[in-house]
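For the sequence shown, UniProt numbering assigns the number 1 to the initial residue and increments by one for each residue that follows.
Idealized CB from N, CA, C, for every residue including glycine.
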Amino acid sequence: MEPLGAQLLVLGIPVPDSEFDSAVQWYVEVLGCELVWKKGIAQLRLPSGQLLLLFSPEDDSDSIWYAGNDIEHPHYSVQFVVNNAAKLRERLIGYGAPVGEIRRGGGGGWDLMFHDPYGNRFWAIEDAKPEALSGTSFEPGHPKAAFAGECAVSERIVFRLTEESDLPFVQRAEASEHNVLYVGQWTERQHRDAIRSRDYAHLLLADRSTGEAIGYAILHGLEPQPSSVLLLRLVVEPKGKGYGREALRTLKHIVFNQWKAHRLWLDVRTNNPRAERLYQSEGFRAEGLLRDIDRVQDCYVSLTVMSILEDEYRRGSGASET
1 MEPLGAQLLV LGIPVPDSEF DSAVQWYVEV LGCELVWKKG IAQLRLPSGQ LLLLFSPEDD
61 SDSIWYAGND IEHPHYSVQF VVNNAAKLRE RLIGYGAPVG EIRRGGGGGW DLMFHDPYGN
121 RFWAIEDAKP EALSGTSFEP GHPKAAFAGE CAVSERIVFR LTEESDLPFV QRAEASEHNV
181 LYVGQWTERQ HRDAIRSRDY AHLLLADRST GEAIGYAILH GLEPQPSSVL LLRLVVEPKG
241 KGYGREALRT LKHIVFNQWK AHRLWLDVRT NNPRAERLYQ SEGFRAEGLL RDIDRVQDCY
301 VSLTVMSILE DEYRRGSGAS ET
């Protein structure tokens, strides 16, 4: 069969002719669309590249609109894939849009039903991959909830869950000349999978006074219970200002006081004695040496495995550091 040359699906969204201009503005401001052109009808582009076509149903009154109202077309819906359903819900509420509660969807992600001001119904779908959990949406009681409150804050720093929009900073910090020899190098996909995983806490470290990103951390071993937690990554960009020690103490506080873990462990490359001294001074003990297990710039390096147990943390000054 000869190809028809169809290249792109454009989704039509009907809006009243009398409210056409305000509808265009609403889709730009609330859903983050880009206005491509407007000539009687308007073409908008979502951040993903998907095109929307806003127009008056008076132009084609015989069509059935898939974004139609609940009563006439109860089985039709338009679904948007979003990075953060919770933030979208807050924005929709701020603009007075009818919006439901975030709930678990059939695909294992999070679903949010909302309406635009013009009668069109949508579903916002976050992370529909089975067994996945967004970095910022989780059920109450999950270990990641520790990073939604004041317990993730110290005098100068704050941890929050990393969002996918933070990944350019994360990868720059990871690959900087100060860190590249000491830190494993992940692809964007690996970081994104960790952000979405229930078993990881991928965390952005920020200056509390300015909100500026200054590093990141990754904890692994949250499920089924965070009893033995791996500090997989702790990267701080401004060196020599004590942020690394403060971040480590905050993470110990979370792991032992919030999660009630029995053990926190890590490995450190033997070419990084400065980091090893920091961990030793914070109560970590060397457990063993993994010889020539890593390869960095055509050279093999060894890893020292270190850990601190809950009772050791309790006996030390760390139990009251945050």
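Practice task
Measure the alpha-carbon distance for aspartate 298 versus threonine 250 and round it to whole angstroms.
Solution key: In a straight line, the C-alpha of aspartate 298 is about 35 angstroms away from that of threonine 250.
Problem - Cβ-based neighbour list, arginine 208, same chain, cut-off 6 angstroms, excluding 5 preceding and 5 following - result: Annotation for arginine 208: Arg156, Ile157, Val158 place their beta carbon closer than 6 angstroms to its own, counting only its chain and skipping 5 residues before and after.
Handout entry: lysine 144 vs alanine 201 beta-carbon contact at 7 angstroms
Key = Yes, the pair counts as a contact, with Cβ atoms nearer than the cut-off.
Exercise for the section: For proline 226, count neighbouring C-beta atoms within 10 Å of its own C-beta (all shown protein chains included) and say buried if the count is 16 or more, exposed if not. Expected result: Classification of proline 226: buried, given that the 10 Å Cβ count is 16 or more.
Practice task
Compare the Cα-Cα distances from serine 197 to each of Gly211, Glu177, Glu223 and report the closest residue.
Solution key: Its Cα nearest to that of serine 197, the residue Glu223 stands out among Gly211, Glu177, Glu223.
Exercise for the section: Could you name the residues of the same chain whose beta carbon sits closer than 6 angstroms to that of glycine 12, not counting the 5 residues immediately before and after it, in chain order? Expected result: Listed in chain order, the non-local C-beta contacts of glycine 12 below 6 angstroms within the same chain comprise Leu53, local neighbours out to five positions each way being set aside.
Handout entry: Local Cβ density within 10 Å of serine 307, reported as buried at 16 or more and exposed below that
Key = With 16 or more Cβ atoms within 10 Å of its Cβ, serine 307 is classed as buried.
Exercise for the section: Using alpha carbons as the reference points, say which of Arg285, Asn271, Gly283, Glu310 lies closest to aspartate 292. Expected result: Looking at Arg285, Asn271, Gly283, Glu310, the one whose alpha-carbon comes closest to that of aspartate 292 is Asn271.
Handout entry: Opposing strand residues paired with valine 24 [DSSP bridges]
Key = Under DSSP, valine 24 takes part in no beta bridge, so it has no partner.
Exercise for the section: Report, in whole angstroms, the separation of the C-beta atoms of glycine 215 and valine 236, which I expect to be a contact under 8 angstroms. Expected result: Taking C-beta atoms under 8 angstroms as the contact rule, glycine 215 and valine 236 qualify, at a distance of about 4 angstroms.
Practice task
Could you pull the start and end residues of the alpha helix (DSSP H) that alanine 206 belongs to?
Solution key: Annotation: alanine 206 is outside any alpha helix (DSSP H); the continuous beta strand (DSSP E) that includes it extends over 200-207.
Problem - DSSP three-state assignment for phenylalanine 122, whether helix, strand or coil - result: Residue state, collapsed to three classes: strand.
Handout entry: contact_flag[the segment 117-125, the segment 78-93] where n(CB pairs < 8 angstroms) is 3 or more
Key = Yes: the two stretches touch, three or more of their Cβ pairs being nearer than 8 angstroms.
Practice task
Buried or exposed for histidine 178, please, with buried defined as at least 16 other CB atoms from any protein chain shown within 10 angstroms of its CB.
Solution key: Its Cβ having fewer than 16 others within 10 Å, histidine 178 is exposed.
Exercise for the section: Leaving aside the five residues before and after glutamate 34 along the sequence, list all residues of the same chain whose C-beta is less than 6 angstroms from its C-beta, in chain order. Expected result: Same-chain partners within the cutoff: Arg45.
Problem - Under the three-state DSSP convention, the category glutamine 79 falls into - result: In this structure, glutamine 79 counts as strand in the three-state DSSP scheme.
Practice task
Take tyrosine 300 and list the residues in its own chain whose beta-carbon comes closer than 6 angstroms to its own, dropping the five residues that flank it on each side.
Solution key: Result list for tyrosine 300: Asp292, in chain order.
Exercise for the section: Within 10 angstroms of the Cβ of aspartate 311, are there 16 or more other Cβ atoms? Answer buried if so, exposed if not. Expected result: The C-beta of aspartate 311 has fewer than 16 other C-beta atoms within 10 Å across all chains shown, which makes the residue exposed.
Handout entry: Option in Arg189, Phe256, Arg274, Val296 with minimal Cα separation from arginine 315
Key = Of the candidates Arg189, Phe256, Arg274, Val296, the one whose C-alpha sits nearest the C-alpha of arginine 315 is Phe256.
Practice task
Could you check the C-alpha separation between alanine 67 and histidine 220 for me, to the nearest Å?
Solution key: Note that alanine 67 scores 49 on pLDDT, short of 50, meaning its location in the model is unreliable; the coordinates nonetheless yield the value given after this. If I take the Cα positions, the gap works out to 41 angstroms.
Problem - Boundaries of the beta strand (DSSP E) in which glutamine 43 is found, first to last residue - result: Following the DSSP letters along the chain, one finds glutamine 43 inside the beta strand (DSSP E) bounded by residues 41-45.
Practice task
Report the partner residues of glycine 240 according to the DSSP bridge assignment.
Solution key: Paired residue(s): none; glycine 240 is not in a bridge.
Problem - Secondary structure of alanine 286, DSSP reduced to three states - result: It is a strand residue.
Problem - Complete runs of the beta strand (DSSP E) confined to the UniProt domain "N-acetyltransferase" (157-306) [at least 3 residues] - result: Considered as a whole, the UniProt domain "N-acetyltransferase" (157-306) harbours 157-161, 200-207, 213-220, 228-236, 263-269, 285-296 as its complete beta strand (DSSP E) runs of no fewer than 3 residues, in chain order.
Practice task
Let me know if valine 15 comes out buried or exposed under the rule of 16 or more other beta-carbons within 10 Å of its beta-carbon.
Solution key: Looking at its Cβ environment, which holds 16 or more other Cβ atoms inside 10 Å, valine 15 is buried.
Exercise for the section: Apply the 10 Å Cβ neighbour rule to leucine 181 and answer buried if 16 or more other Cβ atoms are within range, or exposed otherwise. Expected result: For leucine 181, the number of other beta carbons within 10 angstroms of its own is below 16, and it is reported as exposed.
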